[in-house]
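Please read the structure below before turning to the comments.
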Amino acid sequence: MKTILVPMEHHEGMRSVLESTLLLARRFGSYIEGFPLRFGISEFVAVDPAGSIPLESYRQESLEEAAQSRRLFEDFMREQGVPHAAGTGAGLSFGWIDDAPEGEGFVGSYGRVFDITVLSRPDSNTIGLHNRAIESGLFESGKPILLAPPKAQKQIATNIMIHWNCSTEQARTTAFAMPLIEKAERVTVLTVIGGQAVPGPSSEQLLNQLLRNGIDAKPMSVGLEGRSTGEAILAAAQSQGCDLLVKGAYTQSRLRQMIFGGATSHILSNAELPVIMAH
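Under the working numbering, think of the first position of the sequence shown as 67, with each following residue one higher.
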């Protein structure tokens, strides 16, 4: 995980995003690149069809927000002693992209040339643009995203939980997370008995694969006990003191999760630890 993308926004969760990013980057000597995540002009027109706010005024505000995002990003990196990148050399460093297109689509498209994208998990203070950016990263980048919790932890990926539900999405996410899994001090493979799952290889078969890769992961099984699958997963991770959850995203369709709920939706809204997700 040598390259990390960070879409910058204006909300309370950004400090945790930056701190979580740096924890990850220090483990791999990564390059961190930031850019301002902003509404597109077309979205602005859609929410203000009467033109009560002059378009030029909106453009100016957008430029000012981008400048504030850059200052926040670069000030944090300098405070933490992270050097500005010089060329494409190896080692911990940061950079900024000035000409990023507006709108959430850039998160997914540009994320294709990074190892991982870091965003905060959504909460009551985030806006629709942020939620769409998460979906863009999950569905369009072909890469994983790291969701930072509201409050950053002091360490990351030393004690990892993998939620195994036999799905393609979980297999992809586990594969993406292997650089972290290989470095972890402890790895647990969780099965939620009676939880949402699909037909596929058992957790024992995953444990065998990990063992052949030099990872002595431990099995853990929990029942629902009146909880949803997402609630059971987060409770298990908390009980084991985990500092990273590896979770495939949207094994069920997004529409079904919107109507009936699902593990991904619950974890997106409630996780208090970092979560790596991929679709």
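No residue lacks a Cβ here, since even glycine has one placed at the ideal position from N, Cα and C.
If you're wondering where the values come from, they're calculated on a predicted model, not measured in any experiment.
| Check | Outcome |
| --- | --- |
| Complete runs of the beta strand (DSSP E) confined to the region 270 to 334 [at least 3 residues] | 284 to 289, 310 to 314 |
| Where Met67 falls: helix, strand or coil (DSSP) | coil |
| Neighbourhood of Leu195 by C-beta distance below 7 Å, restricted to the same chain and skipping five residues each side | Leu103, Phe105, Glu170 |
| Rounded separation between Thr224 and Ala250 - CA only | 4 Å |
| Other residues of its chain near Ser207: CB distance less than 6 Å, five sequence neighbours each side excluded | Gly174, Gly177, Arg178 |
| Cα-Cα separation, Glu235 to Ala298 | 19 Å |
| Sufficient close CB pairs (3 or more, under 8 Å) joining the region 305 to 314 to the region 260 to 275 | no |
| Inter-residue Cα distance where the pair is Gln323 and Asn336 | Reliability fails at Gln323, whose pLDDT of 45 lies under 50, so the model's placement of it is uncertain and no value is given. |
| Bridge partners - Gly100, DSSP secondary structure assignment | Val72, Trp162 |
| Selected residue, minimal CA-CA separation from Gly129, among Gly153, Phe101, Leu185 | Here residue 129 turns out to be Leu, not Gly, going by the sequence shown. The shortest Cα separation from Leu129 among Gly153, Phe101, Leu185 belongs to Phe101. |
| Residues that Ser186 bridges to, as DSSP identifies them | Ala214 |
| Bridge partners - Leu89, DSSP secondary structure assignment | DSSP lists no partner for Leu89. |
| Residues that DSSP places opposite Ala344 in a beta bridge | Gly314 |
| C-beta atoms of Leu277 and Leu310 nearer than 8 Å | no |
| Neighbour-count burial assignment, Glu75, 16 or more Cβ in a 10 Å radius | buried |
| Cβ neighbours of Trp230 in the same chain (closer than 7 Å, five flanking residues each side left out) | Gln236, Val255, Leu256, Thr257, Ser269, Leu272 |
| Distance CB(Ile247)-CB(Ser287) smaller than 8 Å | no |
| Whether Met67 touches Asp181 by CB criterion (8 Å) | yes |
| Segment contact, 8 Å Cβ cut-off, at least three pairs: the region 82 to 92 with the region 196 to 203 | no |
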